[in-house]
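Numbering (numbering that gives the first Met the number 0), first residue to last: 0 to 527.
Don't be surprised by glycine CBs; every beta carbon is placed ideally from N, CA and C.
Data block below; observations after.
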Amino acid sequence: MSNNSEKKTETNVQSPQNEEAQIPLAELLKIRRDKIKRLREQGVNPYPYRYERTHYIANALADFDRLSESETTISLAGRIMAKRKMGKSIFADLRDSTGKVQVYVKLNAVGQEAFDLFDSLDLGDIIGCDGTLFVTRMGENTLAITRFELLSKALHPLPDKHSGLKDLETRYRRRYADLIVNPEVREVFRTRSKIIQAIRDFLNNHGFLEVETPILQPLYGGGNAKPFSTHHEKLDMPMYLRIADELYLKRLIIGGYDKVWEFCKDFRNEGMDRLHNPEFSMIELYWAYADYRDMGAMFEEMLRKVVLKVHGTYSIPYGDHQIDFEPPFKWASMIDSIKDETGIDMLDMSHEEAKSAANQLGITDKDKLFNWGKCVEAVWEAKVEHTLIQPTFVCDFPVEISPLAKRHRDNPRLTERFELFVAAQETCNAFSELNDPVDQLQRFMQQGKALEAGDEEAQPLDDDFITALSYGMPPTAGLGFGVDRLVMLLTNQHSIRDVLFFPQMKDYKEGTIPVSKMLSHLIDQEDE
RNA sequence: GGGGGUGUAGCUCAGUGGUAGAGCACCUGCCUUUUAAGCAGGGUGUCGAAGGUUCGAUCCCUUCCACCCUCACCA
């Protein structure tokens, strides 16, 4: 066994030159590497330091008539995305962060040396160019170059200029390449930024203080999830990456701030799929002296403003649906909406009655039916959830499934809690927060038992948090929502990976030779 | 974790039990307002990895890896 593998290694080691010489990418890299060497010999620095540009492309085009009539010399900088040579003149497409423009180089306008340099440029190279704007015979607004400069030589070829980069794995692993060639991807992330900015503006304008709390924590909590564990060397203690912000933000409410919020990067050591990345973003906010109804009204207003700011309309597409964010959103209690869908009123049922009601609807999984609240949830999920396409506040969840929410003031079986559903997906989770330290301690103890029993997602007892609560926390409404999921909804993206620049990927890829290895081999050859 | 699918050139994709194909990109020519520029020539490949079947495997079989979809749990 070990003999075999050693033999294989030997043969691999013996023929690396031959093997790599046969790799076409290495060949392409070598061609460009040779170009760089030639440039340096001519005294051209392929990686200079700065370029003084006068216009972004979009601005230059917006002011085209004036700039072209006055023959103003302007300076643009960007990446070459296409090149068309026509004998002694060359056209190229130059792109910067704002747009694209055609540039034009003519032999007798720039001289032989500069013309040859431009001729040798590759797609992907970054240049700066000075010139004047004019319209070609074919009617295209174009920059006639009077002078240009190579600003950065690209070694790696760009993906296909027409079909772009489609392979999902490559797009996620090499997001920069995806962004270079796929404009719609650039747009999704611009929208993401806009959404977050709109939320930040809204909260700051409503008197919420943006705060920061620890990501690296001695104890995790505020949700049910398995954490990432690490270790602090000097303190010699275990540490965790946070799974939620809740407990720290509540400490700030106790400390006397009335309205706080945080943009939180959270980490959960769980499975990954279309809706889950191990690292994700949440926004949590806490509002003292308010209850969950106040919070619902504010969240509705926030969403309304964000949608309008980002899309300019309340009606946006998502998958097969057209979602209308025109307020007011519908409120439907869990119990009532079950009644509406099935005719069954579960409010005053015993556990046994609820279970048989669920059974009659075809729900038999015992784990989902082990108390009244779970039965209500199971029936609701089976019969109601998928119908909630338009924005709907689902409220008043059973107490058994809402361990962090205050009991409902009108019915102790329920809690003051809501989730907003859009396109049958949960968009936020909010409650009138539990502020009775004894009640909180008891719920921690229950979680502790679950933890001991092997539930890796149960919350450990946080003594310090109980201490904090015992100083007295005002009545408070709290709300949290997944930023990535909201961005998915507002940009019509199917997967969380399409709204994260760098989604988590397994880092092993068999059979691929890294560019760095090809390059070091190239350098070795040059040294010989 | 269960089920289904994909993996061939830098990119997008065809294809076959018997020496591997196209378009774009790239290289060499020609062309001074082109524009998915055009014309002529050039293929640069561990057909995801490792085994197996076979005279012969990129193709068939097994295992593995990565990615996608889907179901169950979580935001």
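Using the rule of at least 16 other Cβ atoms within 10 Å of the residue's Cβ for burial, across every protein chain shown, is residue i buried or exposed?
| i | result |
| --- | --- |
| Asn428 | buried |
| Leu234 | exposed |
| Thr386 | exposed |
| Glu186 | exposed |
| Val514 | exposed |
| Ser431 | buried |
| Tyr470 | exposed |
| Ser336 | buried |
| Glu70 | exposed |
| Ala20 | Note that Ala20 scores 39 on pLDDT, short of 50, meaning its location in the model is unreliable; the coordinates nonetheless yield the value given after this. Exposed is the call here. |
| Met444 | exposed |
| Glu415 | buried |
| Ile22 | exposed |
| Asn358 | exposed |
| Glu283 | buried |
| Leu154 | buried |
| Lys354 | buried |
| Val104 | buried |
| Val383 | buried |
| Ile30 | exposed |
| Ile522 | exposed |
| His407 | buried |
Can you tell me the Cα-Cα spacing of residue i and residue j, whole angstroms?
| i | j | result |
| --- | --- | --- |
| Ala423 | His320 | 11 Å |
| Asp366 | Gly77 | 59 Å |
| Glu40 | Leu116 | 13 Å |
| Asp462 | Gly221 | 13 Å |
| Pro182 | Val393 | 37 Å |
| Glu209 | Gly295 | 20 Å |
| Asp483 | Phe279 | 7 Å |
| Ala243 | Asp62 | 49 Å |
| Ile400 | Glu168 | 38 Å |
| Arg292 | Thr391 | 14 Å |
| Ser314 | Asp323 | 4 Å |
| Gly372 | Pro213 | 34 Å |
| Ser88 | Pro45 | 23 Å |
| Pro277 | Arg241 | 11 Å |
| Leu605 | Val305 | Because the chain is modelled from 0 through 527, residue 605 falls outside the range shown and cannot be assessed. |
| Gln389 | Phe420 | 8 Å |
| Leu38 | Met85 | 23 Å |
| Asp344 | Pro217 | 45 Å |
| Asn434 | Ile253 | 10 Å |
| Pro156 | Asp121 | 8 Å |
| Thr72 | Thr53 | 9 Å |
| Val100 | Asp129 | 13 Å |
| Glu529 | Cys374 | Limits of the chain in this structure are 0 at one end and 527 at the other, which puts residue 529 out of reach. |
| Ile126 | Leu489 | 36 Å |
| Ala467 | Arg250 | 6 Å |
Helix, strand or coil: which one does DSSP assign to residue i?
| i | result |
| --- | --- |
| Ile337 | helix |
| Gln524 | helix |
| Gly318 | coil |
| His310 | helix |
| His350 | helix |
| Ala76 | strand |
| Ile253 | helix |
| Phe279 | strand |
| Ala331 | strand |
| Ala296 | helix |
| Ile362 | coil |
| Asn268 | coil |
| Ile343 | coil |
| Gly481 | strand |
| Ala20 | Any reading at Ala20 must be qualified, since the residue scores a pLDDT of 39, below 50, and its modelled position is unreliable; no value is offered. |
Based on the DSSP secondary-structure assignment, which residues constitute the bridge partners of residue i?
| i | result |
| --- | --- |
| Arg83 | Phe90 |
| Trp286 | Lys258 and Ala476 |
| His230 | Pro237 |
| Met504 | According to DSSP, Met504 bridges with nothing at all. |
| Val102 | Ala91 and Leu142 |
| Gln540 | The displayed coordinates of the chain run from 0 to 527. Any statement about residue 540 would go beyond what the structure contains. |
| Leu132 | Leu142 |
| Cys263 | Met281 |
| Asp244 | According to DSSP, which records beta bridges pairwise, Asp244 is partnered with nothing at all. |
| Asp323 | Ser314 |
| Ile30 | None, per the DSSP bridge assignment. |
Just to confirm the assignment: which complete alpha helix (DSSP H) runs, minimum length 4, are found wholly within the segment 387 to 470? The qualifying runs are 436 to 451 and 462 to 469.
Quick one: complete alpha helix (DSSP H) runs, 4+ long, within the segment 136 to 210? 167 to 172, 174 to 180 and 182 to 204
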